[in-house]
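Single-structure report; data block below.
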Amino acid sequence: MKFRPCIDLHEGTVKQIVGSTLSDAEPDALVTNFATDLPASHFAALYKRDGLAGGHVIMLGPGNRDAAATALAEFPQGFHVGGGITPRNAREYLDLGASHVIVTSYVFAEGRIHLENLKAMTALVGRERLVLDLSCIRKNNVYYIATDRWQRITSVEVSKDTLETLGAYCDEFLVHAAHMEGKRSGIDEGLVKLLGEFSPLPVTYAGGIRSTNDLDHVLALGSGRVDATIGSSLDIFGGTLKYADVVAWHKRHQ
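So the sequence shown is numbered by this note's numbering: it starts at 4 and just counts up by one.
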């Protein structure tokens, strides 16, 4: 199991937000846990120093391309990048230094899987450079993939069959428990267990991790097969969990 670092960008700034409050219809409803004037490249340099490749840069809406580019330039091949990725811009981000592109809405448009879009993306960038974001919302103990910055809930379940079908077209999965994102309230145990049991590919879980004990919990529930990312809880993003402690935990488990 690995710790996968993150850089979340909103309006060109590094931020940590409560994912469920993102809304195009009600922009004033956004709850921001953390924002900084430090550039994305600052955090990229930190992750590079500590050998934490395989993290992700997520662009939450427009106006984030330049900030993402600075992180990719600082740590070439160190990040997956996502947020509005389509065949029109995927190669650009790979050329800027991303190891992988992350795709969600292009594949899950209009509430369903568009397999033809997925095949087109795989053909363009190669399966080995594609990550599918299966971030989801839990409703009645079923996990439904959510797109458009988690505002649109699709009819596609995160399930054994879905993971096996989609796993033929990509290299990894990224799964935010969007209903837990930014709340620092602990992990979604059911989702972590599901991913550990059924994902045929490397998978990174995000949402609610607040301590190294939670990392231990992910390790156990995911049978060591589920990696984890942490945002708002880290002290580098205004939280109380020491980044240095997480790096030390990561190194002990490699």
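Note that beta-carbon positions come from the ideal geometry of N, C-alpha and C, so glycine has one too. Bear in mind the structure is a predicted one, so any value in this text is a computation, not a measurement.
Pick from the options: whose alpha carbon is nearest that of residue i?
i      : options                       : result
Leu121 : Gly114, Thr89, Pro8, Ala149   : Thr89
Leu137 : Pro205, Glu14, Gly242, Asn92  : Pro205
Glu200 : Asp238, Thr125, Ala71, Leu224 : Leu224
Asp191 : Arg94, Asp217, Phe176, Glu175 : Asp217
Thr35  : Ser236, Lys5, Thr150, Asn92   : Ser236
Return the CA-CA distance between residue i and residue j, expressed in angstroms with no decimal places.
i      : j      : result
Gln19  : Leu63  : 10 Å
Thr232 : Glu119 : 30 Å
Phe111 : Phe240 : 30 Å
Thr157 : Arg115 : 6 Å
Asp53  : Ile140 : 32 Å
His59  : Asn143 : 29 Å
Pro79  : Lys196 : 32 Å
Pro42  : Val221 : 30 Å
Gly211 : Ala181 : 9 Å
Leu321 : Glu77  : Limits of the chain in this structure are 4 at one end and 257 at the other, which puts residue 321 out of reach.
Gly81  : Glu113 : 32 Å
His13  : Tyr208 : 21 Å
Asp11  : Asp69  : 13 Å
Cys173 : Arg130 : 5 Å
Cys9   : His83  : 9 Å
Val106 : Lys5   : 22 Å
Within 10 Å of its beta-carbon, does residue i have 16 or more other beta-carbons around it, so buried, or fewer, so exposed?
i      : result
Ala247 : exposed
Glu167 : exposed
His103 : buried
Ala74  : buried
Ser226 : exposed
Arg132 : buried
Ala171 : exposed
Could you round the C-beta distance between residue i and residue j to whole angstroms and report it? I think they count as a contact, below 8 Å.
i      : j      : result
Gly57  : Arg7   : 5 Å
Val260 : Val178 : Absent from the structure is residue 260, since the part of the chain shown begins at 4 and ends at 257.
Where in the stretch 213-248 do unbroken runs of the beta strand (DSSP E), each at least 3 residues long, occur, reported from the N-terminal end onward?
229-232
Could you give the uninterrupted runs of the beta strand (DSSP E) lying entirely in the stretch 45-71, keeping only those of 3 residues or more?
Listed in chain order, the beta strand (DSSP E) elements of length 3 or more contained wholly in the stretch 45-71 are 58-62.
Please list the segments of the alpha helix (DSSP H) lying wholly inside the stretch 95-131, counting only runs of 4 or more residues, in order along the chain.
Secondary structure within the stretch 95-131: the alpha helix (DSSP H) runs of 4 or more consecutive residues, fully enclosed, are 118-128 (chain order).
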